[in-house]
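Asks: Under the working numbering, the first residue of the sequence shown is numbered 4, with each subsequent residue one higher.
Just so you know, even glycine gets a beta-carbon here, dropped at the ideal spot from N, CA and C.
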Amino acid sequence: METTRQNKIARLLQKELSEMFLLQTKAMRGTLVSVSAVRISPDMSVARVYLSVFPSDKAEEMVKNVNANMKTVRYELGTRVRHQLRIIPELKFFVDDSLDYIEKIDSLLK
4 METTRQNKIA
14 RLLQKELSEM
24 FLLQTKAMRG
34 TLVSVSAVRI
44 SPDMSVARVY
54 LSVFPSDKAE
64 EMVKNVNANM
74 KTVRYELGTR
84 VRHQLRIIPE
94 LKFFVDDSLD
104 YIEKIDSLLK
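1. Please state the DSSP three-state secondary structure of residue 89.
2. Report buried or exposed for residue 19, applying the criterion of at least 16 other Cβ atoms within 10 angstroms of its Cβ.
3. How about the region 37-56 and the region 90-99: do they share at least three Cβ pairs that are nearer than 8 Å?
4. Nearest by alpha-carbon distance to residue 25: which of 35, 16 and 17 is it?
5. Under the three-state reduction of DSSP, which class applies to residue 21: helix, strand or coil?
This is the structure in structure tokens:
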């Protein structure tokens, strides 16, 4: 059960990270990255960020690149939310493959 504070911080991080990825992926034609969910730990020190990537065959590569550049992403996030948060949580990025799962189940049911 997440607290109200956790939910507020998660929404803030999701909004800011979505804007950052939108600006970064404009340069890459044919690729869309969106932040589908953010889960934050009770002590607000770790945030699990789930990325939805289109097309889905580039998802693993994209998340690997984001994890490799995590310090830069966290720094840029820190400059954006420095007035709202005292401590910027450590970020961990994961692939959100729920859309692929839904499509697979849908095709099996047809």
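Replies: Considering the structure as presented:
1. Locating residue 89 in the sequence shown gives position 86, where the first residue counts as 1. Three-state result, residue 89: coil.
2. Translated into the one-based positions of the sequence shown, residue 19 becomes position 16. Buried is the call here.
3. yes
4. Counting from 1 along the sequence shown, the entry for residue 25 is found at position 22. Taking only the C-alpha atoms, the option nearest residue 25 is 35.
5. Position 18 of the sequence shown holds residue 21. Here residue 21 sits in helix by DSSP.
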